[in-house]
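Report on the structure given below.
Residue numbers (the working numbering), protein chains in the order written: chain A, 4 to 437; chain B, 50 to 378.
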């Protein structure tokens with residue numbers, strides 16, 4: 004009987020793991036080595052879609068370094084990628100030569116895994132002054148080792164549907180739309196009410212209350228932790244204000260009651276059932292993918308009510324890699340201003356290297372899918388006002404439970420915001436194990 | 050690795066050695082070697098399984114038990130801090146654990162009972178004279194051969210709130226759209242549907258095999274005694290199938306206790322919460338959340354062992370009831 008248990012459990016777990024981990028880990032686990040031609044094989048382990056391959060950056064690097072071959076693996080969701088990265092780091096095996104880390108996890112990685120990572124601040128060609136100072140600091144340990152180099156940041160705008168705005172009697176010009184809510188998320192809420200009163204049938208103002216929550220929270224310096232590393236989200240007025248405004252979207256019936264990054268959210272893009280969505284720079288590509296050709300000439304980008312940052316990533320180089328020096332050189336090159344500018348132009352990931360912001364490839368960039376919106380100008384301005392966030396090791400767990408337990412209950416189950424808040428706090432308390 | 054072990058350790062029991070000139074000492078040695086081979090050969094042949102089982106079955110089981118007595122995080126799995134039975138004690142007033150246990154039981158009942166009843170019915174149909182019976186047997190087994198991921202993703206779309214097929218059909222029938230994912234019972238029903246879909250055919254084939262082993266004479270005798278079809282089913286088929294039914298119940302119970310993939314993926318790849326209110330979070334899912342989302346390996350290990358203990362307790366309870374019934378009979 005025990006055999007049965009084990010076999011059953013193993014089968015279920017193996018299946019689920021393969022599924023959950025995006026069905027590609029096997030290839031990502033091979034240790035870097037050399038190919039038959041004797042060239043150094045560097046592996047890059049990523050999550051989501053970084054676009055290095057698509058933007059041709061690997062090919063460019065391999066043309067510069069004839070003795071290097073780059074192989075990339077990618078896992079769709081960071082929630083699945085990150086536990087695997089941690090497991091590999093602590094067991095010193097199965098790691099790629101270069102690994103990505105999401106901004107929400109960088110505090111935990113810097114605090115707990117720094118001695119397993121290379122100090123990239125000392126790699127030749129890496130210039131500290133090229134990067135946004137706060138981005139640089141987020142991956143730097145107390146004793147001054149910089150274990151991660153910033154790739155992109157997520158300054159926010161609001162993406163909106165021109166056609167739906169027109170039918171609801173709202174302005175459609177991006178500057179006029181930005182002025183509707185400039186300076187205050189509550190004005191965004193008021194605009195939502197105006198939209199609701201004349202909304203085209205079957206559409207809502209915004210996709211989800213959780214999306215609004217993430218967007219507003221990303222605008223405050225202190226979120227879930229204070230500067231001493233104490234968990235303060237419960238008493239932090241900024242978090243409560245973000246919660247109240249986001250919950251008002253749900254209780255006022257302004258949301259399409261969706262959960263972000265799920266199949267029904269994707270379907271809603273394709274079917275065009277909501278008019279606005281909080282739009283960090285990296286979201287542009289996602290919308291273009293999901294809304295598809297049917298959404299062309301319908302979407303546009305306007306400035307967000309207040310500057311805020313959502314997401315962004317880092318590259319780290321594990322010490323257990325076989326080609327640490329080569330890997331560090333590659334990470335430095337991929338995150339250098341010129342390459343970040345290319346990535347923005349080709350993929351919409353906004354540079355964390357401030358030196359890239361003035362380059363024409365960034366400053367003058369326009370996005371054809373979004374009505375030729377001047378995304379360079381919009382996001383550069385948004386990035387300038389982003390506050391320096393205080394990060395903590397369990398940011399992911401707190402943010403995820405506030406969104407996927409608390410705010411989702413308000414939005415989808417119609418629970419009272421106070422009750423949903425309590426439910427989220429109980430889940431977070433259990434998860435943090437304080 | 051398995052084949053290596055077989056060839057090396059299996060050598061003593063290998064086919065007879067080449068013919069050699071007969072001599073008394075030599076044949077004595079051969080006899081000894083033969084006896085040795087007869088005695089240990091079988092063990093050598095089954096050794097690979099046990100070696101693998103020890104490495105991938107027993108060791109993880111024991112190590113999980115050891116870890117469950119510690120505070121240990123995924124960020125540093127080698128830093129173990131002894132906490133005794135604290136991880137188990139806190140399960141007693143862990144609302145999420147009890148919620149997950151309740152969900153596991155209700156989803157287990159919702160999926161296992163209809164599944165086995167339907168399997169019995171399908172087996173009965175397949176057992177009768179049927180054109181293209183092989184075809185139908187293969188069809189019955191197809192869902193079992195489908196990946197749980199593919200199946201669940203399809204079911205997520207079917208049970209979608211806004212654009213799902215199930216709600217579309219309900220709409221045609223005049224019923225309002227159902228938010229399958231957010232209701233406690235609707236979500237558990239939906240998850241159970243996936244389980245039923247996957248495992249009914251598999252159980253049906255097991256029942257079919259058992260049905261085919263029942264001698265026709267029993268039915269003939271029953272028919273001569275004037276038993277109706279229903280009486281034949283009750284008094285011949287069911288008693289003959291009893292051991293098989295017991296087997297499928299045990300296997301399904303174990304499967305239901307460890308249900309993981311279906312509820313994880315039913316959440317639309319949005320994590321291991323089992324819905325915003327944990328309404329379909331099973332024990333397996335809660336274990337995963339504690340271990341790989343919250344990174345508490347010690348607490349996750351305690352949940353894993355609690356699941357094993359629950360199964361053993363259930364088994365012991367069944368054994369007690371059966372012993373008691375045998376004595377009172």
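For each residue, glycine too, the CB sits at the ideal point set by N, CA and C. Bear in mind the structure is a predicted one, so any value in this text is a computation, not a measurement.
Residue i in three-state terms, based on DSSP
i, result
"residue 436(A)", "coil"
"residue 421(A)", "helix"
"residue 54(A)", "coil"
"residue 48(A)", "strand"
"residue 155(A)", "strand"
"residue 27(A)", "Confidence at residue 27(A) is low in this model, with a pLDDT of 35, below 50, so its placement is unreliable and no value can be given for it."
"residue 209(B)", "coil"
"residue 115(B)", "helix"
"residue 127(A)", "coil"
"residue 278(A)", "strand"
"residue 283(A)", "strand"
"residue 121(A)", "coil"
"residue 131(B)", "strand"
"residue 255(A)", "coil"
"residue 311(B)", "helix"
"residue 183(A)", "helix"
"residue 284(B)", "helix"
Buried or exposed (CB count within 10 angstroms, at least 16 for buried), residue i
i, result
"residue 128(B)", "exposed"
"residue 69(A)", "exposed"
"residue 415(B)", "An answer regarding residue 415(B) cannot be provided, because it is not within the stretch 50 to 378 covered by chain B."
"residue 213(B)", "buried"
"residue 187(B)", "exposed"
"residue 216(A)", "buried"
"residue 313(A)", "buried"
"residue 283(A)", "buried"
"residue 221(B)", "exposed"
"residue 261(B)", "exposed"
"residue 211(A)", "buried"
"residue 205(A)", "exposed"
"residue 420(A)", "buried"
"residue 183(B)", "exposed"
"residue 132(A)", "exposed"
"residue 99(B)", "exposed"
Residues of its chain near residue i, where Cβ-Cβ distance is below 8 Å and the 5 sequence neighbours each way are ignored
i, result
"residue 435(A)", "234, 397, 400, 401"
"residue 328(B)", "152, 231, 232, 233, 236, 237"
"residue 132(B)", "118, 119, 120, 347"
"residue 173(A)", "180, 183, 194, 197, 198"
6 Å CB neighbourhood of residue i in its chain, flanking five on each side removed
i, result
"residue 423(A)", "409, 412, 413"
"residue 271(B)", "281, 285"
"residue 137(B)", "351"
"residue 128(A)", "335"
"residue 167(B)", "249"
"residue 210(B)", "228"
CB-CB length for residue i against residue j, believed under 8 Å
i, j, result
"residue 44(A)", "residue 72(A)", "5 Å"
"residue 268(A)", "residue 351(A)", "Contact doesn't hold; Cβ gap of about 19 Å is too wide."
"residue 256(B)", "residue 169(B)", "6 Å"
"residue 109(A)", "residue 317(A)", "5 Å"
"residue 209(A)", "residue 222(A)", "Rounded, the Cβ-Cβ distance is 16 Å, inconsistent with contact."
"residue 161(A)", "residue 307(A)", "5 Å"
"residue 242(A)", "residue 258(A)", "Not confirmed; about 19 Å, so no contact."
"residue 92(A)", "residue 119(A)", "5 Å"
"residue 310(A)", "residue 158(A)", "7 Å"
"residue 334(B)", "residue 312(B)", "5 Å"
"residue 254(B)", "residue 189(B)", "6 Å"
Boundaries (first-last residue) of the alpha helix (DSSP H) holding residue i
i, result
"residue 164(B)", "144-176"
"residue 248(B)", "233-261"
"residue 350(A)", "340-350"
"residue 208(A)", "Element bounds for residue 208(A): not the alpha helix (DSSP H) but the beta strand (DSSP E), 207-209."
"residue 400(A)", "398-404"
N-terminal and C-terminal residue of the beta strand (DSSP E) that residue i is part of
i, result
"residue 303(A)", "302-306"
"residue 351(B)", "Where residue 351(B) is concerned, there is no enclosing beta strand (DSSP E), although the alpha helix (DSSP H) it sits in stretches over 346-377."
"residue 103(A)", "101-105"
"residue 78(A)", "71-78"
Sequence-distant residues of the same chain with beta carbon closer than 7 Å to residue i, five excluded per side
i, result
"residue 344(B)", "122, 123, 124"
"residue 138(A)", "153, 156, 355"
"residue 32(A)", "At residue 32(A) the pLDDT is 40, less than 50, meaning the model places this residue with poor confidence; the figure from the coordinates comes in the next sentence. Once the five neighbours on either side are set aside, the close Cβ partners of residue 32(A) are 97."
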